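Heads up: the structure comes next, in C-alpha cells.
2 protein chains.
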Amino acid sequence: MSSVSETRTERIPAAERREQILDAAARVFGERGYAGSTTDQVAQAAGISQPYVVRMFGSKEKLFDEVIIRARERLETLFRETLAIADRDGLTGQQRQEFLGAAYLDLVEEGGIVLPLMQAFLLGHDSVIGASAREGFLMMYRLLRDEAGLGGEGASQFLAGGMLINTLLTMRMAELYEAEPDARELIDEACGAKVAVMLDAVKAEQ
Amino acid sequence: MSSVSETRTERIPAAERREQILDAAARVFGERGYAGSTTDQVAQAAGISQPYVVRMFGSKEKLFDEVIIRARERLETLFRETLAIADRDGLTGQQRQEFLGAAYLDLVEEGGIVLPLMQAFLLGHDSVIGASAREGFLMMYRLLRDEAGLGGEGASQFLAGGMLINTLLTMRMAELYEAEPDARELIDEACGAKVAVMLDAVKAEQ
DNA sequence: GTCTATAAGTGGATAGAC
DNA sequence: GTCTATCCACTTATAGAC
Numbered sequence: 001m002s003s004v005s006e007t008r009t010e011r012i013p014a015a016e017r018r019e020q021i022l023d024a025a026a027r028v029f030g031e032r033g034y035a036g037s038t039t040d041q042v043a044q045a046a047g048i049s050q051p052y053v054v055r056m057f058g059s060k061e062k063l064f065d066e067v068i069i070r071a072r073e074r075l076e077t078l079f080r081e082t083l084a085i086a087d088r089d090g091l092t093g094q095q096r097q098e099f100l101g102a103a104y105l106d107l108v109e110e111g112g113i114v115l116p117l118m119q120a121f122l123l124g125h126d127s128v129i130g131a132s133a134r135e136g137f138l139m140m141y142r143l144l145r146d147e148a149g150l151g152g153e154g155a156s157q158f159l160a161g162g163m164l165i166n167t168l169l170t171m172r173m174a175e176l177y178e179a180e181p182d183a184r185e186l187i188d189e190a191c192g193a194k195v196a197v198m199l200d201a202v203k204a205e206q
Numbered sequence: 207m208s209s210v211s212e213t214r215t216e217r218i219p220a221a222e223r224r225e226q227i228l229d230a231a232a233r234v235f236g237e238r239g240y241a242g243s244t245t246d247q248v249a250q251a252a253g254i255s256q257p258y259v260v261r262m263f264g265s266k267e268k269l270f271d272e273v274i275i276r277a278r279e280r281l282e283t284l285f286r287e288t289l290a291i292a293d294r295d296g297l298t299g300q301q302r303q304e305f306l307g308a309a310y311l312d313l314v315e316e317g318g319i320v321l322p323l324m325q326a327f328l329l330g331h332d333s334v335i336g337a338s339a340r341e342g343f344l345m346m347y348r349l350l351r352d353e354a355g356l357g358g359e360g361a362s363q364f365l366a367g368g369m370l371i372n373t374l375l376t377m378r379m380a381e382l383y384e385a386e387p388d389a390r391e392l393i394d395e396a397c398g399a400k401v402a403v404m405l406d407a408v409k410a411e412q
C-alpha cells in the first residue's frame with residue numbers, strides 16, 4: 001500500500017493476534033522452557049513488540065499458563081477423537097495402543113503442543129503450573145487406562161514411551177540421526193515406524 | 207571460638223568447598239532447571255556468598271556443566287558396578303533388568319544425580335550442554351543394550367521407564383500420593399516395588 | 001490495536017578488602 | 001579462602017502516544 005519495504009505490523013483483530021502469540025509462545029517456551037524464554041523472544045517470533053505480548057496476557061506467567069491449558073485441551077481432544085475412530089472401527093487392545101501412539105506422533109509433528117507440556121512437567125516446584133501439570137498428567141493416565149482400555153500397566157507403559165519421545169525431542173537427539181547409528185536406532189526404537197516425524201521436528205528448528 | 211552466634215563461614219580447603227558447592231548446585235539445578243536457578247540460590251544452599259560460587263567455577267554455566275559431568279560419571283559407575291554384581295551372581299536377562307531398575311531408584315533416593323541430568327536433557331538447544339546430554343544418553347543406551355545385554359528394545363524400554371520416573375519426580379507427582387489414588391497407582395506402576403523412594407525424594411524437598 | 005520510551009527489579013560477574 | 005560492595009546487562013512490566 002505504501003513503500004517497498006512495508007514491514008510494519010498490520011492491524012488485526014485482538015482474538016486473531018492472541019492466537020498468533022499463543023502459537024509463537026508455544027514454540028519458544030517448548031524450546032527453551034519457561035525460565036529460559038523471554039517475552040521478547042515470543043514477541044519476535046510473533047512479529048510484534050515485547051510490551052504488546054505482555055499487555056495482551058497480563059504477564060509472562062499468565063501467557064505460559066494459557067499455552068499449557070491450550071496444549072492440555074488439544075491433547076485430550078486428540079486422544080478422544082482417536083479413540084472414537086478406534087471404537088468405530090472396532091480395533092483391539094493392541095491396535096488401539098498403536099493407533100494412539102501414531103496420533104501422538106502426529107501431534108509431535110504438528111508442533112507447539114508436546115514440548116511446552118513437557119516443559120511444564122519440569123515445573124513441579126511452581127505451585128500454579130505444577131498443579132496444572134500434575135492434573136493434566138493424571139487426566140492422560142486415566143484416559144489411557146479407562147477410556148482407551150489399556151489398563152494400569154498399559155497406560156503407564158504408554159506414558160513411559162511418550163516421555164522417552166519427549167526427552168529425545170527436547171534433547172534434539174535427532175541431530176545425530178544421520179551421523180550416529182545408535183542415535184538412529186534409539187529413535188527408531190522409541191518411535192516405531194513413524195520416525196520421520198522426529199526428523200521434521202528437528203529440521204523445523206534449524 | 208568467639209561470640210555465641212558464630213555463624214560465619216568456616217575456612218575450609220578449596221577442594222572440599224568445591225564438593226559442597228557441587229552438591230548444593232545439583233539440588234538447586236535439579237529442582238528449578240538451569241535457567242530457573244540463580245547462583246545466589248546455590249550459594250545459600252551451600253552456606254556461602256554468591257560471588258564465591260561464581261569465583262570458584264568461573265561462571266554459572268561452567269558450574270552446571272560440572273554438575274552434569276559428575277552426574278553422568280556417577281550414573282555410569284553405578285550401572286557398571288551393578289552389572290558386575292549381576293554377572294558375579296549369574297543373573298538372567300529379566301533379573302538383570304530388575305536389578306538395574308532397583309539401582310536406578312537407589313540413585314533417585316540418593317538425590318542430586320537424576321534430576322540435574324533430566325534438566326540437562328531439556329537443554330538440547332544449548333550447544334554445549336545439549337551435546338553433553340545427547341552423549342550421556344547414548345552412552346546409557348549402549349551400556350544397557352550391550353553390556354547389560356538388554357538388546358535395543360529392552361534398552362529403550364528401560365530408558366522409557368526411567369524417563370517416566372524422572373518426569374513424575376520433576377512434576378512432584380508424589381505430592382498427590384496420599385490424596386489421589388490414581389497418582390498412587392501411577393507411581394506404583396512406574397516404580398514397581400520400590401515406591402518409598404519417590405516419597406522420600408518429595409519429603410526431602412518440603 | 002500497536003508502538004516507543006522507560007521505570008524498576010533481578011542476577012551474573014568483577015574488584016578489592018580482610 | 002571468603003566476603004562486601006558494586007557494576008552492568010538483561011528482562012518484565014507500565015505509561016502514554018499514535
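From first to last, the protein sequence lines stand for chains A and B.
Residue 119 in our numbering sits at position 119 of the first sequence, with consecutive numbering throughout.
In short: position in the second sequence from 1, add 206, done, that's our numbering.
A virtual CB, placed ideally from N, CA and C, is assigned to each residue, including glycine.
The structure displayed is predicted, hence computed values, not measured ones.
Looking at the backbone, the Cα of B/Glu384 and that of B/Glu395 are separated by about 15 Å. By the Cβ criterion, the stretch 242-258 of chain B is not in contact with the stretch 333-351 of chain B, since fewer than three pairs of Cβ atoms, one from each stretch, lie closer than 8 Å.
Contact check for A/Met171 against B/Arg340 passes: the beta carbons are separated by less than 8 Å.
Burial check for A/Asp126: the Cβ neighbour count within 10 Å reaches 16 or more, so the residue is buried. Residue contact check for A/Ser156 against chain B: a CB pair falls below 8 Å.
Under the 10 Å beta carbon count, B/Pro322 is surrounded by 16 or more other beta carbons and is classified as buried. For B/Gln247, the nearest beta carbon of chain A is not closer than 8 Å to its own beta carbon. Around the C-beta of A/Ser156, 16 or more other C-beta atoms lie within 10 Å, and the residue is accordingly described as buried. Within the stretch 283-308 of chain B, no residue places its CB atom closer than 8 Å to a CB of chain A. A/Leu107 sits in a helix when the DSSP states are folded into three classes. At a cut-off of 8 Å between beta carbons, B/Asp406 makes no contact with chain A. Residues of chain B whose Cβ lies closer than 9 Å to the Cβ of A/Asp65 do not exist; the shortest such Cβ separation is about 16 Å. Counting along the chain, B/Ile218 sits inside no alpha helix (DSSP H), nor does DSSP assign it H or E at all. The C-alpha of A/Thr92 lies about 35 Å from the C-alpha of A/Ala204. Annotation: A/Gly192 to A/Phe79 spans about 19 Å, alpha carbon to alpha carbon.
For the stretch 338-368 of chain B, the set of positions with a beta-carbon nearer than 7 Å to some beta-carbon of chain A reads Ala339, Arg340, Phe343, Leu344, Tyr347, Arg348, Gly358, Glu359, Ser362, Leu365, Ala366, Gly367 in chain order. Remark: C-beta atoms of B/Ala290 and B/Ala232 do not approach each other more closely than 8 Å.
Residue nearest to B/Asp271 within the set B/Arg223, B/Thr283, B/Gly336, B/Leu281 is B/Gly336 (criterion: CA-CA distance). At a Cβ-Cβ threshold of 8 Å, A/Leu150 and A/Phe158 count as neighbours. Neighbours of A/Arg32 in chain B, taken as residues whose beta carbon is under 7 Å from its own, are His331 in chain order. Cβ neighbours of B/Leu370 within its own chain (closer than 7 Å, five residues either side excluded): Ala396. Between B/Thr215 and the set B/Leu350, B/Ala249, B/Pro387, the nearest pair of CA atoms involves B/Ala249.
For the pair B/Arg224 and B/Arg261, the Cα-to-Cα distance works out to about 11 Å. Under the Cβ criterion of 8 Å, B/Asp229 is not counted among the residues facing chain A. Non-local beta-carbon contacts of B/Ser338 in its own chain, meaning distances under 8 Å to residues more than five positions away in sequence, involve Asp271, Ile274, Ile275, Arg278, Ala326 in chain order.
In the displayed model, B/Arg278 falls within a helix according to three-state DSSP.
Contact of B/Thr373 with chain A by beta-carbon distance below 7 Å involves Phe121, Met163.
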